[in-house]
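Written out below as structure tokens is the structure these notes cover.
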Amino acid sequence: MKRLIPAALLGLISGLLRVSFFAALPAPFAVIDPIIFLIIWYVADYAPDKALAAAIIAGASIDALSALPFASNTLAYAAACAVAILLYNRIFTSHDWPGILVMSLAAYSSILAVLLLLRAASAVLGGEVFFEMTITEYAPQFFSNLLTHSLVTIAVLFAFSILRRGHHRNSSIR
Amino acid sequence: MRRTSRNLTVAILALAGFFVMGLLGWLSPVTSPITRALTTVAGPFYRAGSTFSRMREAALYDALPEDAMDRLITENAKLHSLSAENEALKDAVDYRERFTEDLLLARVVSPVSDASFFGLIIDRGADDGVRVGQPVITGDGIMVGKILSVRAQTSAILLLSDSRSRLAVAVQNETNTIGVLEGDRGIAMTISLVPISEQLAPGKTIITSGLEPGIRRGLVVGTIDSVSRNAQDPYQTAAVTPFKSAAHPIFVQILVSPEFGISGKK
């Protein structure tokens with residue numbers, strides 16, 4: 001249990017950054033979701049339990065500062081974590097770029113899909129006033145966010161590979 | 001692998017249970033203290049992001065002294081409505097105090113980050129007297145939206161530019177044209193179905209008309225950017241530009257009017 005604490009703390013920080021800092025930035029930066037990168041980092045590091053802990057704590061911190069019913073975002077990020085784990089264990093078993101990119105996109109899509117389903121469920125069960133969104137309104141946002149997220153993922157992977165190359169070079173000089 | 005699958009299944013089932021409990025409002029006693037703590041931490045994060053957005057906009061749109069300009073337009077609009085109101089009040093025998101609401105200061109902790117609506121989350125909720133429908137202003141009387149939903153410690157504001165937003169407004173022209181301001185996907189605001197006989201012109205200030213229960217006359221909303229008319233159409237449409245100083249508010253004020261009951265709805 002103790003070994004999950006750092007992952008939970010990182011999840012909390014990522015959740016707060018996502019909901020307060022990144023969401024306040026102008027497009028396309030507003031789409032950046034550090035939680036997904038944290039989840040994929042842990043999944044690719046063979047630590048699915050840490051990924052789940054980070055996803056749950058991050059989702060709960062977003063739920064605390066959201067208008068949606070509590071546990072909506074927690075459930076969405078847990079589902080994203082489940083998708084990432086499933087893909088990593090069954091399909092993309094190595095740390096290659098396309099695999100990480102597809103995992104990131106699948107995780108992000110599952111978050112959007114689960115939140116949409118939960119909003120529909122809330123509208124049916126709780127009668128919230130702000131969930132009356134038509135598919136023509138939602139679809140363009142969905143695809144635009146997905147495209148931006150894929151570009152952000154590529155940028156993060158690129159930055160990561162440069163950093164790693166620099167690190168290897170420094171290590172070999174020493 | 002089997003252990004991971006079991007953990008995931010248990011977690012997702014438990015969270016689905018929490019979701020239903022959250023929907024029924026049963027989690028409020030547990031979540032309220034957590035929310036209170038997180039709003040304190042989230043405020044500075046939001047401020048940093050919001051400051052970055054303002055700086056970027058200022059760089060993109062040639063940094064005019066927009067705050068000073070907004071202040072002057074707001075003051076001018078106030079003077080106009082105060083003067084008209086003063087005349088009306090002088091004539092009225094049964095004068096009574098109209099503005100009885102209190103201002104409640106709130107800190108914005110997050111913009112709404114999902115695609116359901118364009119809004120803001122603030123650190124004041126039902127425990128502080130916030131109710132659904134109350135108007136929210138920033139600065140010196142610039143209206144930004146209305147309270148959409150309320151939790152114990154936080155509330156969600158529906159911005160005027162959201163497609164679901166409707167507000168009874170008046171144009172500060174000779175005839176005090178009234179109309180309904182509608183939002184458009186978070187990016188624009190329009191007043192439509194204004195008879196062609198009414199004089200609408202770019203630059204005119206839009207204020208709340210006072211016809212909507214709980215929202216007094218004279219709150220400044222924006223200025224007319226352009227007017228579109230069609231020779232065959234008996235109506236005209238005005239595009240309204242909001243004030244730039246209201247774009248990324250860090251603090252807002254809620255007009256807590258006694259007209260709003262405890263139930264949260266009028």
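Here the protein sequences come in this chain order: A and B.
At position 90 of the first sequence (counting the first as 1) the number is 90 in this note's numbering, and the numbers step up by one without a gap.
At position 103 of the second sequence (counting the first as 1) the number is 103 in this note's numbering, and the numbers step up by one without a gap.
C-beta: ideal position from N, C-alpha, C; glycine also.
Discussion item. Which residues in chain A have a C-beta closer than 7 Å to the C-beta of G22/B? List them in chain order.
Written reply: Taking the second sequence and counting its residues from 1, one reaches residue 22/B at position 22. The answer, in chain order, is P69, F70, A71.
Fill in: Whole-angstrom C-beta distance between A79/A and V114/A, which should lie under 8 Å
Position 114 of the first sequence, counted from the start, is the residue given in the question as residue 114/A. Position 79 of the first sequence, counted from the start, is the residue given in the question as residue 79/A. Confirmed, about 5 Å.
Worksheet item: Looking at the structure shown, is Y46/A part of a helix, part of a strand, or coil, going by DSSP?
Response: One-based indexing of the first sequence puts residue 46/A at position 46. Correct three-state label for Y46/A: coil.
Practice prompt. Could you work out which residues of chain A lie near P215/B, taking near to mean beta carbons separated by less than 9 Å?
Written response: Reading the second sequence from its first residue, position 215 is the one you call residue 215/B. The residue you asked about is not Pro; residue 215/B is Ile in the sequence shown. The contacting residues do not exist; I215/B stays about 18 Å from chain A at best.
Worksheet item: By a C-beta neighbour count over all protein chains shown, 10 Å radius and 16 as the cutoff for buried, is Y46/B buried or exposed?
Response: Numbered from its first residue, the second sequence carries residue 46/B at position 46. Buried, because 16 or more other Cβ atoms sit within 10 Å of the Cβ of Y46/B.
Practice prompt. Please compile the residues from chain B whose C-beta is within a distance smaller than 9 Å of the C-beta of D49/A.
Written response: Position 49 of the first sequence, counted from the start, is the residue given in the question as residue 49/A. Near D49/A (Cβ distances below 9 Å), the residues of chain B are R3, T4, N7.
Worksheet item: Taking only beta-carbon atoms, is D63/A less than 9 Å away from chain B?
Response: Locating residue 63/A in the first sequence gives position 63, where the first residue counts as 1. It does; some Cβ of chain B falls within 9 Å.
Worksheet item: At a Cβ threshold of 9 Å, is E57/B touching chain A?
Response: For the purposes of this step, residue 57/B is taken as the residue at position 57 of the second sequence. Yes, E57/B counts as interfacial toward chain A.
Discussion item. Measuring alpha carbon to alpha carbon, tell me which residue in T205/B, A170/B, V112/B is nearest R216/B.
Written reply: Along the second sequence, one-based indexing puts residue 216/B at 216. Checked all of T205/B, A170/B, V112/B; the closest Cα to R216/B is A170/B.
Discussion item. To test your reading of the DSSP string, which unbroken beta strand (DSSP E) runs of 3 or more residues are found completely within the segment 137 to 199 of chain B?
Written reply: 142 to 150, 155 to 159, 166 to 171, 178 to 184, 188 to 195
Discussion item. Suppose only complete runs of 4+ residues qualify. What are the alpha helix (DSSP H) ranges in the segment 48 to 136 of chain A, listed by chain order?
Written reply: 48 to 64, 72 to 90, 97 to 125
Worksheet item: Within 9 Å (strictly less), CB to CB, does I57/A reach chain B?
Response: In the first sequence, residue 57/A corresponds to position 57, counting from 1. For I57/A, the answer is no, since every Cβ of chain B falls outside 9 Å of its Cβ.
Item to complete: Please report the residue range of the alpha helix (DSSP H) in which P111/B lies.
Response: Counting from 1 along the second sequence, the entry for residue 111/B is found at position 111. For P111/B, no alpha helix (DSSP H) segment is defined; the enclosing uninterrupted segment is the beta strand (DSSP E) at 102 to 111.
Discussion item. Less than 7 Å between C-beta atoms, sequence neighbours within five positions excluded: which residues of the same chain meet that for A71/A?
Written reply: Here residue 71/A corresponds to residue number 71 of the first sequence, with the count starting at 1. So the qualifying residues of the chain are D63.
Practice prompt. Using 10 angstroms around the beta-carbon of P6/A, count the other beta-carbons present and answer buried if the total reaches 16, otherwise exposed.
Written response: On the first sequence, position 6 is the one that residue 6/A refers to. Result: exposed.
Discussion item. Using DSSP's beta-bridge definition, name the partner residues of L120/B.
Written reply: The count along the second sequence starts at 1 and reaches residue 120/B at position 120. P111/B, I157/B.
Worksheet item: From P28/A to G183/B, what does the alpha carbon distance come to, in whole angstroms?
Response: On the first sequence, residue 28/A is found 28 positions in, with the first residue counted as 1. On the second sequence, residue 183/B is found 183 positions in, with the first residue counted as 1. Between P28/A and G183/B, the C-alpha separation is close to 22 Å.
Discussion item. Whole angstroms are fine: how far does the CA of T205/B sit from the CA of P242/B?
Written reply: The residue given as residue 242/B occupies position 242 in the second sequence. The residue given as residue 205/B occupies position 205 in the second sequence. Going by the C-alpha atoms only, they are around 10 Å apart.
Fill in: Paired residues, beta bridge with A238/B - DSSP
Mapped onto the second sequence, residue 238/B falls at position 238. The partner list for A238/B (beta bridge, DSSP) reads I191/B, V227/B.
Discussion item. So with CB distances below 7 Å, who are the chain A contacts of F118/B?
Written reply: As a position in the second sequence, residue 118/B is number 118, starting the count at 1. Those within 7 Å of F118/B in chain A number zero; the least Cβ separation is about 10 Å.
Item to complete: Using a Cβ-Cβ cut-off of 9 Å, state whether N89/A counts as contacting chain B.
Response: Within the first sequence, numbered from 1, the residue matching residue 89/A stands at position 89. Yes, N89/A lies at the interface with chain B (some Cβ there is under 9 Å from its Cβ).
Fill in: Enclosing alpha helix (DSSP H) for F19/B [first to last residue]
Stepping through the second sequence from its first residue, residue 19/B is reached at position 19. Per DSSP, F19/B belongs to the alpha helix (DSSP H) from 2 to 23.
Worksheet item: Quick one: which chain A residues come within Cβ less than 9 Å of T39/B?
Response: Along the second sequence, one-based indexing puts residue 39/B at 39. In chain order: A64, L65.
Worksheet item: Run through DSSP, which three-state label would L9/A get?
Response: Numbered from its first residue, the first sequence carries residue 9/A at position 9. Reduced to three states, the DSSP call for L9/A is helix.
Worksheet item: Counting Cβ pairs closer than 8 Å, one from the segment 157 to 168 of chain B and one from the segment 129 to 147 of chain B, do we hit at least three?
Response: yes
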